[in-house]
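Visitor:
Numbering (this note's numbering), first residue to last: 795 to 1130.
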């Protein structure tokens, strides 16, 4: 029964409510004495199935995808973009932000690079040429565009990586969970641990939690959903971002969302432990996977630059706003 229950819970967390309902009902039939354990989950599945049907019959939400890539990964990008075109809930637009100039691991991409020709057939894709700010190209240009508009409503957008093949339920699941929690939603992430004196080293952080909490840190690769309402104009201060967290965009984003009172949910905590427990990548070879900012700058083997960035952010936010993420985690009870 343990395996069956685990499978049913996994289906539920993925947002596959019809399959989860069938699994819970099978368990209920096999173990009638334990019916009370699954009653709540069965009712939740029925509720979400009804909500899903209502959504199908209403106007589809406008969801934008934004990502970046570097020259050495351009050859393998097409399958990633194609997977985003095969979603059960399609995005309004996919923005690929790239640059001609070199920076960090990126050698730069010429506007006449013949490899870009293969992307012409993708109807949802729009290539945007932007200043090379490394990983911040994934999100800053989108938010700059939003803040420059005469807007009447917030926008929902998802950041993705250039090396991951996204399953067809990817966008729909993130959106469903966003409606449920009104928080940042990610498949992958960590739980920031802290003590009375401050935030612990990155190596001591735990697996993310499947509940909305201030301590969750969404991390890239498997995609993260945001709303523009989670950010203020201070977020697009690219000079401060690069000075404080030059290669850790996830941390810059987290601190801003957190200090705006926005919590996060991690749908698949185990995904952060291994690429084999998360969405598949286009190439598992060491030659391909080693060309990454995490390997070069943010892993423990690279010198623990995440810890330096964390300390920089805590000092910066405390000085500028009078409080920091440790303060908020402490208020929520996330400090041990």
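For glycine and all other residues, C-beta sits at the position ideal for the given N, C-alpha and C. Model, not experiment: these values are computed from the prediction.
#1: Spatial neighbours of residue 1112 within its chain, please: C-beta separation below 7 angstroms, excluding the five flanking residues on both sides.
#2: Run through the segment 1028-1064 for me and flag every whole alpha helix (DSSP H) of 4 or more residues, listed as ranges in chain order.
#3: Starting from the Cα of residue 1107, find the closest Cα among 845, 1043, 1065 and give me that residue.
#4: I'd like to check one pair, residue 986 with residue 1123: are the Cβ atoms closer than 8 angstroms?
#5: Would you kindly check if the distance between the Cβ of residue 889 and the Cβ of residue 842 is under 8 angstroms?
#6: Helix or strand or just coil, what does DSSP make of residue 909?
#7: Are the beta-carbon atoms belonging to residue 1068 and residue 1016 less than 8 angstroms from one another?
#8: Within a Cβ cutoff of 7 angstroms, which residues of the same chain sit near residue 1024, ignoring the five residues on either side of it in sequence?
#9: Within the segment 972-1026, note down every full alpha helix (DSSP H) run reaching 4 residues or more, in order along the chain.
#10: Quick check on the burial criterion: 16 or more other C-beta atoms within 10 angstroms. Buried or exposed for residue 1026?
#11: When the distance is taken between beta carbons, is residue 965 closer than 8 angstroms to residue 873?
#12: Shortest alpha-carbon distance to residue 845 belongs to which of 967, 1038, 1018, 1022?
#13: With 16 other CB atoms within 10 Å as the buried threshold, where does residue 973 fall?
Guide: According to the structure data:
#1: 1118
#2: 1032-1038, 1043-1053
#3: 1043
#4: yes
#5: no
#6: helix
#7: no
#8: 978, 1051, 1054, 1056
#9: none
#10: exposed
#11: no
#12: 967
#13: exposed
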